[in-house]
Amino acid sequence: MKITENTVKMALRYKNHHISSLASQLAFDMLFSFFPFLILLLTLVGFINVDPIEVIGSLQNIMPEELYNLVSTLALQLLQTRNGNLLSFSLMFSLYTASRAFRAIRYGLNRAYNEEEDKNKIKLIILSVLFMIVISFMIIFVLGFLVFGEMISLELVQWLDLDIKLFYFIRYLRYPIGFAGMIVIFTAIYKLIPSRRIKCREALPGAIFTSIAWIILSMGFAFYVNNYGKYTDIYGSIGVVIVLMVWLQITSTTILLGGELNALLMYDKENNLKI
1 MKITENTVKM ALRYKNHHIS SLASQLAFDM LFSFFPFLIL LLTLVGFINV
51 DPIEVIGSLQ NIMPEELYNL VSTLALQLLQ TRNGNLLSFS LMFSLYTASR
101 AFRAIRYGLN RAYNEEEDKN KIKLIILSVL FMIVISFMII FVLGFLVFGE
151 MISLELVQWL DLDIKLFYFI RYLRYPIGFA GMIVIFTAIY KLIPSRRIKC
201 REALPGAIFT SIAWIILSMG FAFYVNNYGK YTDIYGSIGV VIVLMVWLQI
251 TSTTILLGGE LNALLMYDKE NNLKI
């Protein structure tokens, strides 16, 4: 009964807070942030002597084939033209474009909590820069663990002369650890971005929901595009942009719905305490 009631409330929040329109705005802002941020990540990964293709390979199952091919091609080009000037430009441009996506997410989450927007733009820019730096290292850690978790576990088992069964256990453990890393990233988003003070345990339900929903929807969309929706066959090269926009729309919607879920549960808890 409680699940049905909350589902109805979430549907009303989706309608009343115009989640579809907000997600479209956020997806548009994320479009401008996506490639500069990707260039920044790949450049940083390249400078620590890690093959960017191996890192990008961990995204193959959740990205449509056309989008994955574009990203992997970009990674190859970066590997061939890697230099400090590119890193500096990517860093500066990413900081600028990320502030737009940051403000869009903040606006959507503040609407979920009925909070007023902060008028101090300098403060928002500083927060967006700090947030992007933190999230960048979190993403690199999660992707790095997914890619190199098997190699690390094998080295650990050989070095400590442990049973080979432990290697297989650690090998498959990297996936739940990677999923836990995603939850940590989304928890940071829901805790740090809104104007309202949010505790970690209050941000956790939405983070779990968003992590699960994003993986399922991304894999489902990738399966559909790869098997039924050949956008590049219909629209040509612009089909990749369409696929990217739809994928970013899915990402934006799940992020905003996770924030709405946190706000709903928090207000329900506050109302129960008043009774």
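Residue 1 is where the sequence shown starts when you use UniProt numbering, and the numbers rise one by one after that. The beta carbon of each residue, even a glycine, is placed where N, CA and C say it ideally should be.
### Query
Can you tell me where the alpha helix (DSSP H) with Tyr14 in it begins and where it stops?
Here the alpha helix (DSSP H) through Tyr14 covers Lys2 to Asn16.
### Query
Taking the C-alpha atoms as reference points, what is the distance between Thr73 and Glu116?
If you take the alpha carbons of Thr73 and Glu116, they lie about 42 Å apart.
### Query
For the alpha helix (DSSP H) that Leu59 lies in, which residues bound it at each end?
Looking at the DSSP string, Leu59 is not in any alpha helix (DSSP H), and its letter there is neither H nor E.
### Query
Along the chain, where does the alpha helix (DSSP H) that runs through Arg201 open and close?
Cys200 to Asn227 is the extent of the alpha helix (DSSP H) around Arg201.
### Query
If Gly239 and Gly206 are in contact, beta carbons under 8 Å, what's the gap, nearest whole angstrom?
Contact doesn't hold; Cβ gap of about 32 Å is too wide.
### Query
Are Ala203 and Asn120 close, meaning C-beta to C-beta below 7 Å?
Going by C-beta atoms, Ala203 is not nearer than 7 Å to Asn120.
### Query
So Ser252 and Ala27 are in contact, right, with Cβ under 8 Å, and what is the actual spacing, rounded?
At roughly 5 Å, the Cβ-Cβ gap stays under 8 Å, so Ser252 and Ala27 are in contact.
### Task
Note down, in chain order, each residue of its chain lying with its Cβ closer than 7 Å to the Cβ of Phe93, except the 5 sequence neighbours on either side.
Non-local C-beta neighbours of Phe93 in its own chain, meaning closer than 7 Å and more than five positions away in sequence, comprise Pro36, ordered along the chain.
#### Entry: Contact belief for Ile185 with Ile135 at Cβ below 8 Å, rounded distance in angstroms
The distance from the Cβ of Ile185 to that of Ile135 is about 6 Å, consistent with a contact at the 8 Å cut-off.
### Task
With DSSP as the reference, label Ile39 as helix, strand or coil.
Of the three classes helix, strand and coil, the one that applies to Ile39 here is helix, per DSSP.
### Message
At the level of alpha carbons, what is the spacing between Asp268 and Gly108?
### Response
Asp268 and Gly108 have their C-alpha atoms some 20 Å from each other.
### Query
If you draw a straight line from the C-alpha of Val225 to the C-alpha of Leu70, how long is it?
Using only the alpha carbons, I get a separation of about 15 Å.
### Query
Would a C-beta distance cut-off of 7 Å place Met30 and Ala101 closer than the cut-off?
Their beta carbons are under 7 Å apart, which means Met30 touches Ala101 by this criterion.
### Message
Here's the rule: buried if 16 or more other CB atoms are within 10 angstroms of the residue's CB, otherwise exposed. What is Ser218?
### Response
Looking at its Cβ environment, which holds 16 or more other Cβ atoms inside 10 Å, Ser218 is buried.
#### Entry: Nearest-angstrom beta carbon gap, Phe223 and Val246 [assumed within contact, 8 Å]
Contact doesn't hold; Cβ gap of about 14 Å is too wide.
#### Entry: Ile275, buried or exposed, once every other Cβ within 10 Å from all chains shown has been counted against 16
Confidence in Ile275 is poor, its pLDDT being 48 and thus under 50, which makes the residue's placement too unreliable to answer from.
### Task
Round the Cβ separation of Ile39 and Leu256 to the nearest angstrom and send it over; I've been treating them as touching at under 8 Å.
That pair is no contact at about 26 Å.
### Query
Taking just the CA atoms, how far does Asn110 sit from Ile193?
A straight-line Cα-Cα distance of about 9 Å links Ile193 and Asn110.
### Task
For my contact list, Gly181 and Met132 are in at a C-beta cut-off of 8 Å; report their separation, rounded to the angstrom.
The pair is not a contact, with the Cβ atoms about 17 Å apart (cut-off 8 Å).
#### Entry: Contacting residues, own chain, Cβ-Cβ under 7 Å from Leu265 (five flanking each side not counted)
Only Pro205 meet the Cβ criterion.
### Task
Leaving aside the five residues before and after Leu124 along the sequence, list all residues of the same chain whose C-beta is less than 8 Å from its C-beta, in chain order.
Exclusion of the five residues before and after Leu124 leaves Ser99, Phe102, Arg103, Arg106 and Asp118 as the residues of its chain whose Cβ lies within less than 8 Å of its Cβ.
### Query
Going by the CB atoms, is the gap between Val241 and Leu67 shorter than 7 Å?
Taking C-beta atoms as the reference points, Leu67 and Val241 fail to come closer than 7 Å.
### Query
Would you call the CB atoms of Ile183 and Ile208 closer than 7 Å?
Taking 7 Å as the cut-off, the beta carbon of Ile183 is found closer than this to the beta carbon of Ile208.
### Task
Rounded to whole angstroms, what's the CA-CA distance from Ser21 to Met10? Just pull it up for me.
Rounded to whole angstroms, Ser21 to Met10 spans 16 Å at the Cα level.
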